[in-house]
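Numbering (the numbering used here), first residue to last: 1 to 126. Here a beta-carbon is modelled for each residue, glycine too, at the ideal position from N, C-alpha and C. Below is one structure, written out as structure tokens; comments come after it.
So, in structure tokens, the structure goes:
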């Protein structure tokens with residue numbers, strides 16, 4: 001897995017571009033650190049999964065918030081997150097979005113980065 005993070009102070013976003021085969025343990029620590037940074041800066045996050053082969057099960061997704069975020073900081077799930085996805089991964093991200101919403105998280109999936117950033121900025125200004 002390759003994980004590259006870019007902080008954009010003008011748009012108040014952190015974009016994490018993830019590439020290659022990605023497992024729960026690889027992604028969880030990186031995503032948690034990105035969320036911690038975003039909380040400190042009061043920024044939104046774009047996780048770009050368009051070049052990723054996710055090796056994550058629905059069971060892992062189901063317990064993700066509780067396992068990887070709540071024990072560190074229960075507020076991490078409230079940071080607005082936009083997921084950039086490919087159409088072929090939409091079924092998994094539909095489940096991720098629903099499960100995360102059910103825990104109180106603010107997430108939404110997109111195929112277009114401009115639309116995703118606009119959504120984040122609307123939440124951050126509101």
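Do residue j and residue i count as a contact pair if the criterion is CB distance below 8 Å?
| i | j | result |
| --- | --- | --- |
| residue 54 | residue 84 | no |
| residue 45 | residue 23 | no |
What does the Cβ neighbour count give for residue i, buried or exposed, with the cut at 16 atoms within 10 Å?
| i | result |
| --- | --- |
| residue 118 | exposed |
| residue 114 | exposed |
| residue 58 | exposed |
| residue 42 | exposed |
| residue 80 | buried |
| residue 95 | exposed |
| residue 63 | exposed |
At the 8 Å Cβ level, is residue i part of the contact set with chain B, yes or no?
| i | result |
| --- | --- |
| residue 51 | Among the chains in the structure shown there is no chain B, since it carries only a single protein chain. |
Give the C-beta separation of residue i and residue j to the nearest angstrom, bearing in mind that I take them to be a contact with Cβ-Cβ under 8 Å.
| i | j | result |
| --- | --- | --- |
| residue 16 | residue 68 | Not really, about 15 Å apart at Cβ, beyond 8 Å. |
| residue 49 | residue 89 | 7 Å |
Exercise for review: Pair every Cβ in the region 100 to 113 with every Cβ in the region 24 to 40, then say whether three or more of these pairs are closer than 8 Å.
Suggested key: Because the criterion of three Cβ pairs below 8 Å is not met, the region 100 to 113 and the region 24 to 40 do not touch.
Exercise for review: Kindly provide the ranges of any beta strand (DSSP E) runs that are 3 or more residues long and lie completely inside the region 68 to 124, ordered along the chain.
Suggested key: Runs of the beta strand (DSSP E) inside the region 68 to 124: 81 to 84, 107 to 110.
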